[in-house]
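Participant: Every letter in the sequence shown is one number past the one before it in UniProt numbering, and letter 135, counting from 1, is 135.
Note that beta-carbon positions come from the ideal geometry of N, C-alpha and C, so glycine has one too.
In this text the structure is predicted, and so the values were computed from the model without any measurement.
Got a structure here, written out as structure tokens. Questions coming.
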Amino acid sequence: MSRLVVVSNRLADPRKPAAGGLAVALGDTLARTGGLWFGWSGTVAPDDAAGDGQLHVRQAGRVTLATVDLSAEDFAGYYQGYANSVLWPVFHYRLDLADFNAAYVDAYRRVNRMFAARLMPLLRDDDTIWVHDYHLIPLAAELRALGCRQRIGFFLHIPVPPPLLLAALPHHAWLMRSFFAYDLIGLQSQADVAHFRRYMLNEVGAEELEGGRFAANGHETRVGAFPIGIDVQEFERLGQAPEAQRTHERLLQEYSRCQLLLGIDRLDYSKGIPQRVRAFQQLLEKYPENERSATLIMIASPSRDDVHAYGDLRQELEGLCGAINGDFGDLDWMPLRYIHRVVARRRVPGLCRAARVGLVTPLRDGMNLVAKEFVVSQDAQDPGVLVLSRFAGAAEQLQEALLVNPYDTEGMADAIQTALTMPLEERQQRHARLMQRIREHDVHWWRRSFLDALAAPAAQLLPA
Ligand code: G6P
């Protein structure tokens with residue numbers, strides 16, 4: 001069997017709690033297959049150090065971790081700049097937040113070229129290479145330029161926006177053509193595939209062949225939806241472990257008179273966090289019976305702090321949370337607990353199980369694995385209800401959640417009220433159906449279906 005080589009900007013770091021679904025999912029995948037995991041070390045070399053691109057290799061069980069440092073300039077231009085101030089906002093439909101600084105794209109190209117150069121000597125002839133996410137779209141083209149002939153697949157964890165939005169990117173033609181260096185491109189949802197297809201037909205003038213294949217300028221690639229899942233068994237195990245149990249018991253004690261609502265996110269403008277707080281406020285105004293009996297716990301872990309838009313969001317949120325607690329709170333009850341810290345993964349199942357309502361209400365999201373974790377954490381006899389944004393990729397699969405439009409404050413408040421008052425039997429039925437779907441399409445299904453499709457002899461290997 002060929003060795004699996006996974007490449008992603010972010011690796012799971014056992015010394016730090018992972019904030020983000022990608023690193024967790026790839027960790028779960030590689031734990032099963034073994035292989036090589038290549039990416040950024042998480043270290044930014046000081047300006048005067050010759051640390052840029054320095055390779056570190058270590059073994060973690062069956063997985064070899066090979067990581068490179070970034071220089072301060074590349075970190076600013078590639079990670080904070082092109083990846084998180086250009087691609088992230090544009091792909092999440094936020095042209096208003098994009099910063100089209102010309103220096104960013106140069107740094108992005110430079111780092112992708114550097115990654116390719118460092119990875120190339122580590123590759124074996126029969127490796128299967130699987131590249132992940134928006135930081136590394138041109139990586140296959142750079143590898144091909146160095147003579148890489150192995151099969152290379154790509155998975156995009158974030159949404160694909162409609163073609164006209166993509167076309168606002170100053171370098172969209174270059175960026176999107178570089179997808180043709182991959183043998184297979186995996187996207188999260190059918191909606192993403194539809195946008196990608198329309199872009200390829202309208203903007204690139206590609207020819208559509210059967211089996212999700214596209215051809216342009218003598219190059220060919222395949223595209224399909226492979227919705228990412230969680231490691232259900234592993235997460236269930238985590239839920240039975242003492243730390244999750246303790247968290248659950250402590251919350252039940254502390255909030256014995258309250259129904260808990262819960263949101264767990266990175267503090268990111270794509271997650272719709274202020275919109276959720278406003279809907280909660282509306283809930284308290286429109287359904288005053290919830291005063292003193294509903295509490296919203298909102299965990300928003302720090303993320304990309306130095307990127308401008310994230311600082312603004314933090315300020316906005318702190319203002320909003322303070323206002324709600326000031327207006328509605330009393331000596332013995334606060335409606336909202338806002339926590340701007342990372343909560344250890346071991347505690348997440350206990351937190352979710354204690355909540356009557358899970359609020360996963362992003363304005364746009366590739367998938368959102370917290371939605372799946374919330375469902376898996378529930379007690380099947382007395383399950384909580386998932387309120388899910390229709391704009392999360394997960395909504396395509398999780399139709400039995402209460403689907404909401406996060407821009408519609410009143411509609412969301414009504415859905416939360418429905419969730420809080422939902423009869424037991426309906427909760428059980430919805431939960432059972434969601435569980436079945438999440439179990440069938442777990443992270444191992446995702447890995448197998450993607451890698452089987454990548455191994456299938458469809459697209460020829462193409463030179464850069
Ligand atoms: C999202 C992205 C991932 C990223 C994660 C955490 O899930 O799709 O690629 O790793 O956010 O963000 P960070 O910038 O900390 O890696």
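1. Kindly indicate which three-state DSSP category Thr418 falls into: helix, strand or coil?
2. Leu156: beta carbon under 6 Å from a heavy atom of ligand 1?
3. Bridge partners of Val193, per DSSP?
4. Does at least one heavy atom of ligand 1 sit under 6 Å from the Cβ of Asp106?
5. Note the first and the last residue of the continuous beta strand (DSSP E) segment covering Trp37.
6. Please determine, among Leu11, Leu169, Gly35, the residue with the shortest C-alpha to C-alpha distance to Asp126.
7. Report buried or exposed for Thr128, applying the criterion of at least 16 other Cβ atoms within 10 angstroms of its Cβ.
8. From the DSSP secondary-structure annotation, give me the bridge partner or partners of Arg356.
9. Does the distance from the CB of Glu316 to the CB of Pro274 come in under 7 Å?
10. In angstroms, rounded to a whole number, what distance separates the CA positions of Ile324 and Phe280?
11. Find out if the Cβ-Cβ distance for the pair Thr361, Ser389 is shorter than 7 Å.
12. Have a look at the DSSP bridge pairing and note the partners of Thr409.
13. Can we say the segment 148 to 155 touches the segment 446 to 458, given the rule of at least three CB pairs closer than 8 Å?
14. In whole angstroms, what is the alpha-carbon distance linking Ala145 and Met114?
15. Round the Cβ separation of residue 547 and Gly393 to the nearest angstrom and send it over; I've been treating them as touching at under 8 Å.
16. Who are Leu95's beta bridge partners in DSSP?
17. Going by beta carbon distance, what residues of the same chain come within less than 8 Å of Ala216, once the five residues before and after it are set aside?
18. Cα-Cα, which of Leu143, Gln417, Phe91 is closest to Gln259?
19. Find out if the Cβ-Cβ distance for the pair Thr67, Gly21 is shorter than 7 Å.
20. Shorter than 6 Å, the distance from the beta carbon of Asp133 to the closest heavy atom of ligand 1, or not?
21. Curious, which full-length alpha helix (DSSP H) runs of at least 4 residues does the segment 170 to 256 contain?
22. Assign Ala25 to one of three DSSP states: helix, strand, or coil.
23. Taking the straight line between their C-alpha atoms, what separation do you get for Glu297 and Pro457?
24. Would you report the Cα separation of Ala419 and Ala355, rounded to the nearest angstrom?
25. With respect to 6 Å, is the separation between the Cβ of Gly21 and the closest non-hydrogen atom of ligand 1 below this value?
26. Taking the C-alpha atoms as reference points, what is the distance between Leu262 and Leu251?
27. Name the two residues that bound the continuous beta strand (DSSP E) containing Met435.
28. Check Val376 in the structure and name its three-state DSSP category.
29. Please list, in chain order, all residues of the same chain as Phe75 whose beta carbon is under 6 Å from its beta carbon, the five residues on each side excluded.
Facilitator: Straight from the coordinates:
1. helix
2. no
3. Partner(s): none; Val193 has no beta bridge.
4. no
5. 35 to 45
6. Gly35
7. buried
8. In DSSP, Arg356 forms no bridge with anything.
9. yes
10. 9 Å
11. yes
12. Its beta-bridge partners do not exist; DSSP assigns none.
13. yes
14. 12 Å
15. A query on residue 547 cannot be resolved here, the shown segment of the chain reaching from 1 to 464 and no further.
16. Leu95 is not bridged to any residue.
17. Arg177, Phe180, Met200, Val204, Gly205, Ala206, Glu207
18. Gln417
19. no
20. yes
21. 172 to 177, 190 to 199, 232 to 240, 242 to 254
22. helix
23. It should be noted that the sequence gives Ile, not Glu, for residue 297. Between Ile297 and Pro457, the C-alpha separation is close to 49 Å.
24. 11 Å
25. yes
26. 12 Å
27. That residue, Met435, is in no beta strand (DSSP E); its alpha helix (DSSP H) goes 424 to 440.
28. helix
29. Val44
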